[in-house]
Each structure stands twice: as C-alpha cells, then as structure tokens.
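One structure below.
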Amino acid sequence: MGTEVAWHLACVRCDATYPGLDSRYRCDCSGTLDVIHDLSTCNLTREVLDARLASKAPLDRSGVWRFRELILPLPDEVLEGVAAARGEGSTQLYDASAVGREVGVEDLWLKHEGENPTGSFKDRGMTAAITVAKTLGMSAVACASTGNTSASMASYAAISGLDAIVFIPEGKIAFGKLSQALAYGAKTIQIEGDFDDAMALVQDVCASEGIYLVNSINPFRIEGQKAIGFEIMQDLDWQVPDWIVLPGGNLGNNTAISKGLLELLELGIIDRLPRLAVVQAAGANPLYTAWLGGEDVEPVKADTIATAIKIGNPVSWRKSMRGIEALHGVVTEVTDDQIMDAKALVDAAGIGAEPASCATVAGIHRLVGEGVIGSDERVVGILTGNVLKDPDVVVNYHAGELDGIESRRVNAPISARADLDEIRRIIRQ
Ligand code: F0G
C-alpha cells in the first residue's frame, strides 16, 4: 500500500501555486510549472522499494509506478483503476566496461531506456501524463515531436481509448518513429517547418481546442521521467554513482532526473547526489552556449544527424539549468562525427542505440579527455532510444554513405552468389 502525499503545482518563475490536479502547464505569468510533493508526509524507504521489486502487483512491476508516492500519489486503489501502464521501465543497466575502456573510463554503466515498451525513455513520462489525462476526464491528447514522444503518446493513448494528435516536422523524423505513430493510430500531422515550429503550434492548438498537451512542458511528464534516476539508484543497490550523463534536446529529461534525485536525497533514500552531464549536438546547442556564457537560452536553428535532439528552442531550459546547478553539473557538446563514432562503438558492443542516445557516450569521451570526468569515477550513461528507431542512419553509415560523416567502423553487407566455395572464401577472408 502506498502512502498518500499531498502535492500542488508551483510556478518556476513567480510564487504562484495551483491545485495538484489541474490541466494547466503554465502559470498566469507564463512560467512553466513544477509538481511539488509534501515529502514530510512520505514514508517511502529503500526496503519498501526493494520489496516491490519482488512483488507481482501490476503497479509494483512498472518501473515508474513502483515509485508512485513520488510520481502521482493518488491512493493505490484509485491508481490501480486509472494508471495507463504497459510495463514501462525496469530497463537493463549494462556493465559497459568494454565501451568504457574505449572512451577512457573503466567503471561505465549504460542504462538502456530504449528497452521501454515503445523503445524510448518517453514511456516513463507518458504513462504519468496519460494517467493524468484520464483522471482529468480528457478525451484527446496531442504533442509536437521529433518522433519518440509521438510514438509513445500514440501507444499510451490507444491503450487508454483517447484520441491522439501528433505534430511532427515533415521529413525530419526517423522512420521507425513515424511508423509507430501511424501504426498506433494517431492522427499524424506533418508540419512544414522544424520541431520548434511544431512545438509553438501545438500549444496554440491545445489551448484553443481543449486538448491535453503531453509534451515535457506538461509537469506530469517530468514526474514520470524522474523514475529513470530512481531506478538507476535501485539498480546500483542505492550506491550513488559519481556521474549521470545524458543527451539534451527539449531538456525535459535532465530536468526530471535532477528533480527526482533531490527528492530521494530529501527522503534519505540516497545519501549524496551524483553530478550530471548534459550532452548536446553541436548543431543544436542552445543550452551549451547559454551555460558557457552564463546567460539565458537564445534559440538557434538546429541541425544534426541525431534528429531526436534537433531542437533549437527548448521549452524546459529554465528548469533544466536549475537542476544542473543543483547537481554541480556540466553541459557539453559533440559533433555529428563524434556521435556516429560513439554509436558504432555502442552498437558493436551488442547494446545498440539510436544516434541521439550515443551523444551520451561521445560526451563522456570528451569530458574524460578534458579531465572533467575522472577516469576512475563511476559513470552511468543513459541510452535514450532503441537502435531500431533509425535504421536508415545505421545502413547508410555502414555503406559509407552518410553525408559529411566519416564511417570509421564500417561493417558493410557483402553480396555473394549462392555458392559454397564463394561463401568459404568470404568467411575465411
Ligand atoms: N534522446 C532521444 C532518443 C529523444 O527522443 C529525445 C527527445 C532526447 C534524447 C532529448 O530529451 O528532450 O528531454 O532533452 N525527444 C523528444 C521527442 C523531443 O519529441 O521525442 P529531452
């Protein structure tokens, strides 16, 4: 049985507060909103969480709802009826020391969020946001997306009987992701323009049509995504690593992870905080530029092979910066070449991930080289999406046909006649 914890919404810019279950995502002053839990009434412990790992109850088996007091603390009997869950989370934390040796850090672990039901970390935030949509009695949900959010929303809306409307930048999302939105039955609208145009549009559409917006501007998306950090801690038997490293696009994920870890610390479930490193693609680096200059984020026109993080005007940057500072974090950037080198490494290790995810490993390489991450430190990198999300990039990389990218670890397919001698010759080569 979970403990009930009071919560409310609070503006990140001014002092305004709102009721916990509200369909707004912005304050009247237009600042974004946080979910604030009253942790003084929360008696969650490591023992309770570890016992839930062995439980067969559906909520306990979800790697998000296992942590429900810190996600959406409705009474268990209410959540059991309403939670839009499909076994999200409980992803593998790989001992990746072989990859680590290549990038200069021995004690490397990779948390593979591509092993979620729709193949990306978005399922963690989506189960929370769709559950809130149902609780609020909404009938339709929408998002703008570089692909993974739309895939996840389409699936979670379908299992919940909600209408789903997706706004994507035309011709700019990976095929695996577009296929999922179509397959799960979302109304898929391809916008002339980029993700940032789609993001601006969807906010207006949702406001005028009474549709529930489930981009990471939605505070409950952030609540669900906190579970990545919770699960990393539980995977490591509550021994806090030195670093958590992840890619940054719209900046919801790093916001979520730092918020969640600060809550775990406040509850005494962990005894210190890891440092956080956010890695941007050099062609989509507004946070990196702002962080270097100590300034507000200025939008840029984004361009990178890692289409998932091709975002120039991130909505959550203010919350994101706050979390990075609280965790003594850093922001870095990596080139498309470095992303693809790292991807070839992660893929060939048998783990595999989509390009944006591999910015994580490229970023670790760079930060170790600069002496920011020590080679003897324990590092957990987050792989955000599955290798199958973007098959075109993989095949073109191994054919040496990616514009502007040097394919340094080519594994090209070999054409052969169906002839034993020819096959023998090829195998022995
Ligand atoms: N990695 C992957 C695979 C993503 O799909 C995204 C974001 C990120 C990293 C960046 O996470 O936005 O929280 O900083 N994809 C969004 C989408 C924008 O629409 O699927 P973030």
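For the sequence shown, our numbering assigns the number -19 to the initial residue and increments by one for each residue that follows.
For every residue, glycine included, the Cβ atom is placed at its ideal position computed from N, Cα and C.
In this structure, residue 76 lies near residue 90, with their beta-carbon atoms less than 8 Å apart. For residue 231, the shortest separation between its Cβ and any heavy atom of ligand 1 lies below 7 Å.
Residue 313 carries a strand assignment under DSSP once its states are collapsed to helix, strand and coil. Here DSSP, grouped into helix, strand and coil, assigns residue -12 to strand.
Sequence-distant Cβ neighbours of residue 390 in its own chain, meaning closer than 7 Å and more than five residues away, are 378, 380. Taking a cut-off of 8 Å on C-beta distances, the region 345 to 362 does not touch the region 299 to 309, as fewer than three cross pairs fall below it. Residue 260 sits in a strand when the DSSP states are folded into three classes. Across the structure, residue 280 and residue 344 are spaced so that their CA atoms are roughly 24 Å apart. The three-state secondary structure of residue 197, taken from DSSP, is coil.
DSSP places residue 345 in the helix class (H, G or I) of the three-state scheme. Partner residues in the beta bridge of residue 121, as assigned by DSSP, are 144, 192.
Residue environment: residue 85 is assigned as buried (16 or more neighbouring CB atoms within 10 Å of its CB, all protein chains considered).
Looking at 112, 130, 233, 340, the one whose alpha-carbon comes closest to that of residue 147 is 130. By alpha-carbon distance to residue 260, the top candidate from 232, 249, 226, 253 is 226. CA-CA distance, residue 325 to residue 263, rounds to 22 Å. Within the same chain, 109, 110, 113, 133, 137, 142, 143, 144, 145, 191, 192, 193, 194 come within 8 Å of residue 121 by CB-CB distance, once the 5 residues on both sides are set aside.
Cβ-Cβ distances below 8 Å link residue 246 to 19 in the same chain, with the five nearest sequence neighbours on each side left out; the list follows chain order. Judged by DSSP in its simplified three-state form, residue 331 adopts coil rather than helix or strand. Here residue 81 carries a helix assignment [DSSP, helix/strand/coil].
Taking 7 Å as the cut-off, the C-beta of residue 250 does not count as close to any heavy atom of ligand 1. Around residue 258, the same chain offers 228, 234, 311 as residues with beta carbons nearer than 6 Å, after the five sequence neighbours per side are excluded. By the 16-neighbour rule on beta-carbons within 10 angstroms, residue 395 is exposed. Per DSSP, the beta-bridge partners of residue 92 are 363.
Going by C-alpha positions, residue 268 is about 26 Å away from residue 182. According to the DSSP secondary-structure assignment, residue 14 is paired through a beta bridge with -10.
Assignment of residue 136 by DSSP, reduced to helix, strand and coil, places it in the helix class. The beta carbon of residue 336 sits closer than 7 Å to at least one heavy atom of ligand 1. Counting the other Cβ atoms within 10 Å of the Cβ of residue 119 gives fewer than 16, which makes it exposed.
Within 7 Å of the C-beta of residue 126 there is at least one heavy atom belonging to ligand 1. The region 265 to 318 is shown to contain whole alpha helix (DSSP H) runs of 4 or more residues at 266 to 273, 297 to 306, in chain order. If you check the C-beta of residue 319 against ligand 1, you find no heavy atom less than 7 Å away. Annotated as distal: residue 321 and residue 285, with beta-carbon spacing of 8 Å or more. Per DSSP, the continuous beta strand (DSSP E) segment holding residue 225 begins and ends at 223 to 227. Contact between the region 161 to 174 and the region 194 to 208 is absent: fewer than 3 CB-CB pairs across the two stretches fall below 8 Å.
Listed in chain order, the non-local C-beta contacts of residue 323 below 6 Å within the same chain comprise 335, 338, local neighbours out to five positions each way being set aside. For residue -2, there is no enclosing alpha helix (DSSP H); the residue is found in the beta strand (DSSP E) stretching over -3 to -1.
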